[in-house]
Amino acid sequence: MENFLTFLNSDKYITYVCSSYLICFFGLLFLKISSHIKEKKAIKEYTDIKKKYES
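The sequence shown runs 579 to 633 under the working numbering.
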């Protein structure tokens, strides 16, 4: 626990920690947006196929 508190009080590594959190945040944001776009595309294809076989 002491090592962690020392790390938090140290300004030496704060830029590395912040940059790693930003990279992870943007990575997760990209995955979420990509997943949402693929989901919309799959739903559209499903409804098109459903309409095709209903008529």
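Don't be surprised by glycine CBs; every beta carbon is placed ideally from N, CA and C.
Practice problem: State yes or no: is the C-beta of F585 within less than 8 angstroms of the C-beta of Y591? | Solution: Yes. Within cutoff.
Quiz item: How long is the line joining the alpha carbons of K629 and F603, rounded to whole angstroms?
Solution: 39 angstroms
Quiz prompt | Range covered by the alpha helix (DSSP H) that runs through S613 | solution = 592–632
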